[in-house]
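Comments concern the structure below.
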Amino acid sequence: MYRILLAFTALFTVSLCAVGSEPAYVHAGADGKSWSIGNDLVEREVRYAPLHGLYTERWIHKLTGTDFLREKLSTDQEWKSAGAWRLEFEFYADNDRFRGSAPGPEADFDFAGAEISDISPRGKQLEVKLKAKNKPLEVAAFYAVYSGHPVVRKWIIITNRGDRRVLLDRLAFEELDLQAAPPSEQIVRGFYGIQPREIFYPGRIEDPAVVEINARTREGFVVMNEAPSWMKRTQMINFGEGVSVQYETDLFPFKRHLKPGETFTSAKSGIAFFVEGRGMADPRWVLPTYTSQVLLKKGAAYLPRWFYNTWDPFTWNYDQALIHELIPIAGDMGFDIFTLDTGWSDNYNDNQVDRKKFPQGLDGIRAELAGKGMGMGMWMPIAAVGPESTAYREHPEWVMRDEEGKERVLDFPEHPTRFMCLDSPYRQWAAKKLLNLIATYHPQYVKLDLTIIFDAYGRWEAGCFAKGHDHANRDQSLIGIFEGVQYIADQVYRTFPDVLLDITYETWGQDHIIDYGLLRNVDLDWMANVNDESPLMAGPRQARTLLYHRSLAIPTEAMLIGNLLVNMPTQEERFATAIGSNPVLLGDLRKLTPEQVKWYGKKIRWYKEFRRAVPINEGFFPLGNWRQPDVSSWDGFARLSRKGEGVIALFKNESGVAQVEVKLPVFPAGRFRVRSAMTGRTLGLYTGDQFRRGIAVQLPSAYKVEILEVRAEK
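The opening residue of the sequence shown carries number 1 in this note's numbering; numbering runs sequentially from there.
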């Protein structure tokens, strides 16, 4: 553990500010049973040995030469201490335990072959095929690496080759003795990688990324778990002895029947290496770049749209006349997508327009939007159906039921709204309905909302207790329902790859939740509904709190943080807050003065042009009192490209400060012109070294915020 390998000492002369750009590779050893997976930043060496099975021999951070594994393990001798945690993967099938590697004297699996292939973006993939010795199961272990990212991704696929069903549970798809330091020198952070935690820590729903750091060297790794919502568990093992990336075992237990011939693909894990304060190796560069380029549904090419949404203040009380009033204003302001939230349909999930509200249908609305340069967005529940819906009338057997056998029913927005089970044939019905919605109305964006598995407000126990569905019991329904969401999303993207799909926090089962499992399925997450109905509600500040806390682990342009109202003062604070994530604004546009509409239009068009030119998704740096923004202190953020260009937003709140210091310790080298987007005034030329040491910024007295545009000098 922590070995500095002499083979890598030449790399120490390379600046840690350099960005890895060498191609990703998978090299097979001469024996055909060992492989090196890596790029110029990271390398993982994997081997199959008959005595042990499949295991990782070394895992090197090439920038430092550090091997994060505890010790070198023997290929031809039984293991003692470290073998307890270097299992590679683990699961139970009908209560029989299966491990990727075992201490000896015999492996649980025979080697059955390996394949190397290309993957996108700019990556390589290794598939190692295994056959269980004592049960008709096949397992394929996958390792993926991408050019420019110090990350190795991992998952497994299990196939039942027998003639009877097998029950899978207690599944860990990455498990090994990875350590950033001896336990006495470890630091662990949970809650999206920012909150100090004990080193023996079970990461759950709000821990898609768990960070472990060497307190002396500031080098460490991020453990990313791509299991969905409540199904994830990231175990930092036994006070600092290793990591296990797995499905949940108790609160939302993973139970999955595998039919004869059926295959199950696990969620993915990812381990990212970093060094805090070392240029582009800093996690504030490493994670935003990786997640936005690899994990974001549409990848690095995605450009965020500006969304307007009708929900607040209109809820479902809008009609054709009101929408015709709002469209010209939204167009003048520069919005890209105008979303009709709940209220446009006659009956949930039947895709029928409410003809009382829209007597001419939606074709005219869509045409008017197109004339103003906007696309239409639409709201649709995945599993909630109205009392007269076709799905419920024809297939009441698909309804979710509680532990007493009663239908899952909610009074919102009409009584009784029923919830259908996505681990039943309803998933195929729902996919067809969503495809029909897109084919009929041509929305560019669909907001998928309301409960599917667990009520975010705690009104009932999770899962479905109904008989006759695809699950045998409530526990098995949990993963089955999430697989239903994946099925629906995959069907849509196969036919409409350019559409933007959004799953809300209510659908994903927790207030303010966003994770990699959600991003596996869709583009966006309507992450919150902050209250912005009066200045006393602190809407923008609460939106920024949500943003800052998730900005290390999650690509911020996947976040839709409602409900900032354009007609609430001040407009500059709402605009500046919105550009931290994927911008979405609400409110009654009719209450804006012509000057305010013009102001928004100018600022939104400036930002869109700037974002097209600069990939500011590559780094996110919260500033000031970002951990708990409050009325008495300033906060802010910098969104930067790896060349140092970007935007810096600074919020005074009610602090009364006239000047702040903007310090970015891992800012790249170069010369940069800084201009105020609020006043148009050029602040001056600054070097990267000045940004690293801190620059003083005088805040404009006329505004509550300052927005700085940073551009490199040619």
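For every residue, glycine included, the Cβ atom is placed at its ideal position computed from N, Cα and C.
Owing to the predicted nature of the structure, the values given are computational and were not obtained by experimental measurement.
Residues bridged to residue i (per DSSP)
{"i": "Thr234", "result": "Gly203 and Val245"}
{"i": "His61", "result": "Val42 and Thr66"}
{"i": "Tyr445", "result": "Gly377 and Leu500"}
{"i": "Trp741", "result": "For the chain, the structure presents residues 1 to 714; residue 741 sits outside this window and is missing."}
{"i": "Phe264", "result": "Ile158"}
{"i": "Tyr308", "result": "Phe338 and Leu585"}
{"i": "Ser345", "result": "Val353"}
{"i": "Asn317", "result": "Answer by DSSP bridge pairing: none, since Asn317 is not bridged."}
{"i": "Gln195", "result": "Gly190"}
{"i": "Gly53", "result": "Ala49 and Ser101"}
{"i": "Ala209", "result": "Met224"}
{"i": "Tyr25", "result": "Gly38"}
CB of residue i within 8 Å of CB of residue j, strictly
{"i": "Val485", "j": "Val492", "result": "no"}
{"i": "Asp402", "j": "Glu461", "result": "yes"}
{"i": "Val597", "j": "Asp250", "result": "no"}
{"i": "Ala677", "j": "Glu713", "result": "no"}
{"i": "Tyr516", "j": "Thr417", "result": "no"}
{"i": "Asp336", "j": "Met378", "result": "no"}
{"i": "Val662", "j": "Trp634", "result": "no"}
{"i": "Arg474", "j": "Phe465", "result": "yes"}
{"i": "Leu41", "j": "Leu63", "result": "yes"}
{"i": "Glu175", "j": "Glu88", "result": "yes"}
{"i": "Arg216", "j": "Glu185", "result": "yes"}
{"i": "Ile561", "j": "Met537", "result": "no"}
{"i": "Val139", "j": "Ile271", "result": "no"}
{"i": "Thr556", "j": "Leu564", "result": "no"}
{"i": "Ile488", "j": "Ala430", "result": "yes"}
{"i": "Val660", "j": "Val697", "result": "yes"}
{"i": "Leu524", "j": "Asn582", "result": "yes"}
{"i": "Phe637", "j": "Phe620", "result": "yes"}
{"i": "Tyr607", "j": "Ile648", "result": "no"}
{"i": "Lys154", "j": "Ser269", "result": "yes"}
{"i": "Gly240", "j": "Val210", "result": "no"}
{"i": "Ile707", "j": "Ala543", "result": "no"}
{"i": "Glu71", "j": "Ile60", "result": "no"}
{"i": "Arg541", "j": "Pro629", "result": "yes"}
{"i": "Tyr426", "j": "His471", "result": "no"}
{"i": "Ser641", "j": "Pro622", "result": "no"}
{"i": "Gly644", "j": "Gly688", "result": "yes"}
{"i": "Glu57", "j": "Asn39", "result": "no"}
{"i": "Pro228", "j": "Leu518", "result": "yes"}
{"i": "Leu592", "j": "Ile329", "result": "yes"}
{"i": "Ala601", "j": "Gly334", "result": "It should be noted that the sequence gives Gly, not Ala, for residue 601. Against a cut-off of 8 Å, the Cβ pair of Gly334 and Gly601 comes out as a contact."}
Distance cut-off 7 Å: residue i Cβ against heavy atoms of the ligand FMN
{"i": "Ala132", "result": "For the ligand FMN, the structure offers nothing, since it holds no ligand at all."}
8 Å contact criterion, which residue i and residue j should meet: CB distance rounded
{"i": "Lys432", "j": "Thr504", "result": "Not really, about 22 Å apart at Cβ, beyond 8 Å."}
{"i": "Met231", "j": "Leu478", "result": "7 Å"}
{"i": "Thr722", "j": "Ile452", "result": "Since the first residue of the chain shown is 1 and the last is 714, residue 722 is not available in this structure."}
{"i": "Thr342", "j": "Trp316", "result": "5 Å"}
{"i": "Arg86", "j": "Asp177", "result": "5 Å"}
{"i": "Arg675", "j": "Glu325", "result": "Their Cβ separation, rounded to whole angstroms, is 36 Å, which puts Arg675 and Glu325 out of contact at 8 Å."}
{"i": "Ser266", "j": "Leu171", "result": "6 Å"}
{"i": "Asp169", "j": "Tyr290", "result": "In fact, because the Cβ distance is near 31 Å, the residues do not count as touching under 8 Å."}
{"i": "Phe358", "j": "Gln320", "result": "5 Å"}
Checklist entry - In the region 525–600, which residue ranges form an unbroken beta strand (DSSP E) of at least 3 residues, counting only runs that do not cross its ends? => result 525–529 and 559–562
Checklist entry - Counting only runs that start and end within the region 598–634, where is the beta strand (DSSP E) found for 3 or more residues in a row? => result 619–624
Checklist entry - When the Cβ atoms of the region 127–136 are set against those of the region 218–225, are three or more pairs found closer than 8 Å? => result no
Item to check | 4 or more residues per run - each alpha helix (DSSP H) lying fully within the region 635–693 | outcome: 688–693
Checklist entry - Which ranges would you report for the alpha helix (DSSP H) in the region 377–441 if only whole runs of at least 4 residues count? => result 390–394 and 426–441
Next on the checklist: Count Cβ pairs between the region 257–274 and the region 582–597 that sit closer than 8 Å; are there 3 or more?
Outcome noted: no
Item to check | Segment contact, 8 Å Cβ cut-off, at least three pairs: the region 388–406 with the region 360–374 | outcome: no
Next on the checklist: Which runs of the beta strand (DSSP E) at least 3 residues long sit entirely within the region 456–516? Give them in chain order.
Outcome noted: 500–503
Checklist entry - Is there contact here, the region 132–148 with the region 20–30, by at least three beta-carbon pairs under 8 Å? => result yes
Checklist entry - Is there contact between the region 91–103 and the region 49–66, where contact requires at least three CB pairs shorter than 8 Å? => result yes
Next on the checklist: For the region 537–557 against the region 281–298, do three or more pairs of beta-carbon atoms, one drawn from each stretch, fall closer than 8 Å, so that the two count as touching?
Outcome noted: yes
Item to check | At least three beta-carbon pairs within less than 8 Å, the region 194–210 to the region 234–243 | outcome: yes
Next on the checklist: Does the structure place the region 522–533 close enough to the region 562–573 that three or more beta carbon pairs sit under 8 Å?
Outcome noted: yes
Next on the checklist: For the region 292–307 against the region 675–690, do three or more pairs of beta-carbon atoms, one drawn from each stretch, fall closer than 8 Å, so that the two count as touching?
Outcome noted: no
Item to check | Inside the region 274–303 only - beta strand (DSSP E) runs reaching at least 3 residues | outcome: none
Checklist entry - Which parts of the region 96–149 are runs of the alpha helix (DSSP H), unbroken and 4 residues or longer, counting only runs that do not cross its ends? => result none
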